[in-house]
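Visitor:
Chains as they are written, first to last, in our numbering: chain Z, 16 to 282; chain E, 357 to 582.
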């Protein structure tokens, strides 16, 4: 029996879908059977980020309304050998097409066949959020180092704590710009974690490669050379129970010479 | 049949006290009270107003009955009921009284959008994040950081105070007063161990929490001690 993890944030545009896609991919790279579920009915994206848009035949609403069997709607990711699947959202309906109870049944069915179900939650705290959370056992809250995103994350954590079937949520801080954080122009990691008072499960640096990869329909986690990719892989390994230290945010291209200059106070 | 007195009038230094028996029926009591006061009021004519305390022992009087007794006594020209004392109260009244005097401990982070409300004093072990609200009929004591809204004495108690380990509220309300953080120039220094109270000019003042022992001696409920 697998576990279902909902990826949520409250605020839009902080990288829920990217995080879902990459955590899912990274877990599959670790040899786990993973099913990604897009619950953003009417504004689906996860299929695009995964590069699976063209293969969609049935969607989540079709399954819920009994127009097809679950396995007919699941889109298989060819890059993995039978490990990674996507249940896409419908694009033609809206959030009210599905009820939380139906989602719960659906996720419970998927849990029989997969090790991890990653549920991509829509922005907001309305019906779509309620559907996404209904079947989840665990939650990951994504935020960026911005006051507005942290405020919404705080709200969503409050709502998640009320859900009886969901464990205490874990935090991912996304889109970190190390130079801004160092100058104090951005909230720093410790500040955010202390404010939200939940466990940190990963930090991801802001990386142009992430956007590039998403546009190509290839999750960044597949590229072993990117910093963001390593960050997502680390998150996946922490989900699997390994204990891995947080990534260093400083730009690694600084040589010995820079360090010596810094030591003597020369700019 | 032995006739006992159901109404006793006793003079004390604060005025008269009427002791009403708690075993006879209410109707009987009213009748006797009426006759007793009628004979006395004749004697007391042209005297200044006398305040009367009514002691009803173990009898429970509803509000209507209390009003009836008060009217009955008031009709006798120079008597005014100061208060009615009873040894008994309803369970509901007792629970309300306890709730209003209780300190309720809560270990929780109050997050954006959440509201925590208590009737008595609130002891919060945790933070109030921006967008979160705590409200109490009495005082509010916060062991963590107050970054949201705190409303003490929300049913109109101007003596209530707000105490926080880190005082950084977006708004503080006490009874009917509201104070908010400045829009600009938010001081970076940490405001630690502070309290908020209403001063004599009806303004909310934020100060070191040590001043409370002078300003609000009622906060101390411990009696005696070594």
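Note that beta-carbon positions come from the ideal geometry of N, C-alpha and C, so glycine has one too.
Threshold first: 3 residues or longer. Then list the beta strand (DSSP E) segments lying entirely within the stretch 405-450 of chain E, N to C.
Guide: 406-411, 435-441
Visitor: Are the CB atoms of residue 29/Z and residue 189/Z nearer to each other than 8 Å?
Guide: In contact: residue 29/Z and residue 189/Z (Cβ atoms closer than 8 Å).
Visitor: Taking Cβ positions only, does residue 172/Z come closer than 8 Å to chain E?
Guide: By this cut-off, residue 172/Z is an interface position.
Visitor: So which of 102/Z, 253/Z, 37/Z, 48/Z has the shortest CA-CA distance to residue 16/Z?
Guide: 48/Z
Visitor: For residue 163/Z, verify whether its CB is less than 7 Å away from any heavy atom of the ligand HEM.
Guide: In terms of ligand content, the structure shown is empty, and the ligand HEM therefore cannot be addressed.
Visitor: Starting from the beta carbon of residue 203/Z, find every residue of chain E whose beta carbon is closer than 9 Å, and list them in chain order.
Guide: Those do not exist, as residue 203/Z stays about 14 Å from chain E at its closest Cβ, beyond 9 Å.
Visitor: Quick check on the DSSP output: the beta strand (DSSP E) that includes residue 328/E runs from which residue to which?
Guide: Only positions 357 to 582 of chain E appear in this structure, which leaves residue 328/E out of reach.
Visitor: From the DSSP output, read off the bridge partner residues of residue 250/Z.
Guide: Looking at the DSSP assignment, residue 250/Z forms no beta bridge with any residue, so it has no partner.
Visitor: Taking only the alpha-carbon atoms, compute the straight-line gap between residue 441/E and residue 554/E and give it to the nearest angstrom.
Guide: 33 Å
Visitor: Output needed for residue 159/Z: all residues of its chain with C-beta closer than 6 Å, excluding positions within five of it in sequence on either side, in chain order.
Guide: 29, 189, 190
Visitor: Please state whether the Cβ-Cβ distance between residue 217/Z and residue 246/Z is less than 8 Å.
Guide: Yes, they are a contact pair.
Visitor: Closer than 9 Å, Cβ to any Cβ of chain Z: which residues of the stretch 458-486 of chain E, in chain order?
Guide: 464, 465, 466, 467, 468, 469, 470, 482, 483, 485, 486
Visitor: Put residue 357/E into one of helix, strand or coil per three-state DSSP.
Guide: For residue 357/E, the predicted structure reports a pLDDT of 46, less than 50, and the residue's modelled location is therefore unreliable. The matter cannot be settled from this model.
Visitor: Is there at least one Cβ from chain E nearer than 8 Å to residue 163/Z's Cβ?
Guide: no
Visitor: Under three-state DSSP, which class holds residue 31/Z?
Guide: helix
Visitor: Any beta-carbon of chain E closer than 8 Å to the one on residue 24/Z?
Guide: Taking Cβ atoms only, chain E never reaches closer than 8 Å to residue 24/Z, which makes this a no.
Visitor: If we call anything under 8 Å between Cβ atoms a contact, is residue 376/E one with residue 413/E?
Guide: Yes, the Cβ-Cβ distance between residue 376/E and residue 413/E is below 8 Å.
Visitor: Shorter than 8 Å from the beta carbon of residue 571/E to some beta carbon of chain Z?
Guide: no
Visitor: Flag this pair as yes or no: are the beta carbons of residue 437/E and residue 408/E separated by less than 8 Å?
Guide: yes
Visitor: Report the neighbours of residue 166/Z on chain E: residues whose CB is nearer than 7 Å to its CB, in chain order.
Guide: 468, 486, 487
Visitor: Closest by CA to residue 22/Z, which one among 139/Z, 154/Z, 181/Z?
Guide: 154/Z
Visitor: Considering only their Cβ atoms, is the gap separating residue 372/E from residue 411/E smaller than 8 Å?
Guide: no
Visitor: Output yes or no for whether 8 Å exceeds the beta carbon distance between residue 54/Z and residue 134/Z.
Guide: yes
Visitor: Distance, Cα to Cα, residue 31/Z vs residue 568/E?
Guide: The alpha-carbon of residue 31/Z is positioned some 48 Å away from that of residue 568/E.
Visitor: Does the beta-carbon of residue 511/E have 16 or more other beta-carbons within 10 angstroms, so that it is buried, or is it exposed?
Guide: Flag for residue 511/E reads exposed.
Visitor: For residue 214/Z, report the span of its beta strand (DSSP E) as first-last.
Guide: 214-220
Visitor: Just confirm the distance between the C-beta atoms of residue 535/E and residue 502/E, as a whole number of angstroms; I'd bet it's less than 8 Å.
Guide: With a Cβ gap of about 13 Å, residue 535/E and residue 502/E do not count as contacting.
Visitor: Determine the DSSP secondary structure at residue 179/Z, reduced to helix, strand or coil.
Guide: coil
Visitor: When the cut-off is 8 Å and only beta carbons count, does residue 86/Z lie next to chain E?
Guide: no
Visitor: So is residue 109/Z in contact with chain E if we call contact Cβ pairs under 8 Å?
Guide: no
Visitor: Whole-angstrom Cβ separation of residue 490/E and residue 466/E, contact assumed at under 8 Å?
Guide: 6 Å
Visitor: Look at the alpha carbon of residue 529/E and the alpha carbon of residue 193/Z, and state the distance between them as a whole number of angstroms.
Guide: Distance between the alpha carbons of residue 529/E and residue 193/Z: 39 Å.
Visitor: Would you decide whether residue 65/Z is buried or exposed? Buried here means 16 or more other CB atoms lie within 10 Å of its CB.
Guide: buried
Visitor: Taking the continuous alpha helix (DSSP H) assigned at residue 122/Z, which residues delimit it?
Guide: 115-128
Visitor: Indicate whether at least one CB of chain E lies closer than 8 Å to the CB of residue 194/Z.
Guide: No - not a single Cβ of chain E is within 8 Å of the one on residue 194/Z.
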